[in-house]
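Everything on this sheet refers to the single structure shown next.
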Amino acid sequence: MTTGDPLIVLDGVNKWFGPLHVLDDVSLSVGRGEVVVVIGPSGSGKSTLCRTINRLEPIDNGTITFDGQALPAEGKPLAKLRSEVGMVFQSFNLFAHKTILENVTLGPVKVRKEKPAAARERGLALLDRVGIANQADKYPAQLSGGQQQRAAIARALAMQPKAMLFDEPTSALDPEMVGEVLDVMTSLARDGMTMVVVTHEMGFARHAANRVIFMADGKLVEDAPPAEFFANPRSERAKDFLSKILTH
Amino acid sequence: MHVFADPTNLDAYLSGFLWILKLTGSSAVLALVLGVLLAAFRVSPVPVLRGFGAAWVNIFRNTPLTLIIFFCYFGLFTTLGLTLSDDLDQNNYWLGVVGLSVYTAAFVCEAVRSGINTVPPGQAEAARAIGLTFFQTLRIVVLPQAGRAVVAPLGSVLIALCKNATIVGTIGLIEASSVMKQLINDNGDAVIPIFLVFAGTFAALLIPTGYFFGWLANRLAVKR
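Heads up: the sequence lines are chains A and B, in that order.
In case it helps, the working numbering puts the first sequence at residues 615 to 862.
In case it helps, the working numbering puts the second sequence at residues 1198 to 1421.
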């Protein structure tokens, strides 16, 4: 795995939800091709951090740049930026009234104005890649959670994004389906996709991440390679967090 | 039933209900277009549009329809000189359509907006995340799924619109209720039969409408 120049840069980002300081002066740089896993206790701001990168959550101050450009505030430029950043949600959020294949081809056809036939061909190839090509004509509600999440990954990949954001992609899954989703993510990471992954899957963090970010109370507390972080967490908060999750 | 055996009365009865159907049809189309647009305004990220939509709903939903229809006649036509047709009946008809449409659009807007609120916010988030614009998100992802929740209340709005169309009688269009009043004046011995025929005709038109919308709502249901 090689990592290049910075693709996503957050500098001094602050955000409040009312009185709650949910992101407290967060600075972070993610290189091209880098896989950054964000972990931390619930309420630490890690999901919010992930969602600020494609501006699903606006920030109160600080700057976020993507591929050398400051995030646009709204309108067409923002829509264009979002089309270049794939996002995978905890609750899949597949379009309930569209088939799996339509979910995957919607963005390419409506946003990129690709020919439906070409989008369909690439969509089928992507569904094949995530292992659900035989589900293409079903509706989301007919699929298992793991299949839905893999479809959601294919939908994001169909836009040929420069980076992928994963917001707790396995947290809503039954345990036996976590593996199939993590396998897809691991293969993406191996192919050099730039990824920011908010997760509780420590195994994935260990073997697929270049860096682990530990957040607590809205602050970025630690930023280290996974081996170092898991072997020698520096902060008390991280030690405490790891002791709670790794002893089980 | 001797009243309706008279061809003149039968013609008046039929033409009265024809006006009601025409008022309902034209106003329904205009109110639907206007109402969906207003609902889009009310959920848009632009504060000016949201304010416009809210103002429209608050003004027209809270003004009696009779006042709005009177304003269309005495305000728009008599005072401001807005003439929509040279034919007197056609002019009253179109003034009535304007009044019914702006009024009903407020109710359509609220029905559509509450339907939009039944679509999980994650659907719109996912749509924005792949780069769809606000209006694409609404048109391609949110509104089609709001369908089930919107269709049944829209049916109620349509039924109310049809009955409200009788208010256009107050500005001189000889629609069904005006015809009924006239027939009752002329036939004091048959008040109740006349009344029942007119009420029954409305029921015969509107009860199937209600069932149709219920059936449509079930057909449009989205599985989750």
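A virtual CB, placed ideally from N, CA and C, is assigned to each residue, including glycine.
Only those residues of the segment 1314 to 1328 of chain B whose C-beta falls short of 7 Å from the nearest C-beta of chain A are listed: G1319, Q1320, E1322, A1323, R1325, A1326, I1327, G1328. Rounded to whole angstroms, the gap between the alpha carbons of R1416/B and F1410/B is 10 Å. The beta carbon of V795/A is closer than 7 Å to those of G760, Q763, R764, P783, T784, L787 in its chain, skipping five residues each way along the sequence. Listed as beta-bridge partners of L624/A by DSSP are L642/A, I678/A. If you compare the alpha carbons of R743/A, T800/A, V640/A, Q749/A with that of N675/A, the shortest gap goes to V640/A. Looking at the DSSP output, G700/A sits in a beta bridge with M778/A. One Cα belongs to L1273/B, the other to Y1408/B, and the distance between them is close to 37 Å. Here DSSP, grouped into helix, strand and coil, assigns D1203/B to coil. The CB of I1256/B never comes closer than 7 Å to any CB in chain A; the least such distance is about 29 Å. Closest in C-alpha terms to L624/A, from the list F631/A, A768/A, L637/A, A803/A, comes L637/A.
Contact between I1337/B and V1240/B is ruled out by a C-beta separation of about 15 Å, above the 8 Å threshold.
Looking at the backbone, the Cα of L1329/B and that of L1246/B are separated by about 20 Å.
Linking A1326/B to L670/A through their CA atoms gives a straight-line distance of about 8 Å. Put simply, the CB of P1204/B is far from chain A, with every gap to its CB atoms at 8 Å or more.
At a C-beta separation below 9 Å, V725/A has these neighbours in chain B: I1327, G1328, L1329, T1330, Q1333.
Residue range 789 to 804 is occupied by the alpha helix (DSSP H) that includes E790/A. Inter-residue distance for N1288/B and L1231/B is about 21 Å (C-alpha atoms, whole angstroms). Around the beta carbon of K694/A, fewer than 16 other beta carbons lie within 10 angstroms, which makes this residue exposed. Taking C-beta separations shorter than 6 Å and ignoring five residues to either side along the sequence, the partners of L741/A in its chain run A747, A750, A768, following chain order. Annotation for A755/A: no alpha helix (DSSP H) segment contains it, and DSSP assigns it neither H nor E. Between the alpha carbons of V627/A and A770/A lies a distance of about 26 Å.
When Cβ-Cβ separations below 8 Å define contact, M701/A makes contact with chain B.
Remark: fewer than three beta-carbon pairs, one from each stretch, lie closer than 8 Å, so the segment 1337 to 1352 of chain B and the segment 1258 to 1265 of chain B are not flagged as touching.
Annotation: T1406/B to V1394/B spans about 19 Å, alpha carbon to alpha carbon. Collapsing the DSSP output to three states places R825/A in a strand. Measuring C-alpha to C-alpha distances from A1401/B to each of G1293/B, S1375/B, K1360/B identifies K1360/B as the nearest. When C-alpha distances from R825/A are compared across V652/A, L757/A, D619/A, the shortest belongs to V652/A. Under the 10 Å beta carbon count, T813/A is surrounded by 16 or more other beta carbons and is classified as buried. In its chain, beyond the 5 residues on either side, G1366 have a beta carbon closer than 6 Å to the beta carbon of S1375/B.
Taking each of E842/A, I673/A, T679/A, A841/A in turn and checking the Cα distance to V644/A, the smallest one comes out for T679/A. Less than 8 Å divides the Cβ of V1347/B from the Cβ of V1309/B.
For the segment 1225 to 1251 of chain B, the set of residues with a beta-carbon nearer than 7 Å to any beta-carbon of chain A comprises P1242, in chain order. Taken in chain order, the members of the segment 673 to 689 of chain A whose beta-carbon sits within less than 9 Å of a beta-carbon on chain B are E688, G689.
Inter-residue distance for Q1342/B and H711/A is about 7 Å (C-alpha atoms, whole angstroms).
L720/A is a Cβ neighbour of F709/A, given a cutoff of 8 Å. Approximately 17 Å separates the beta-carbon atoms of T808/A and R665/A; this is outside 8 Å, ruling out the contact.
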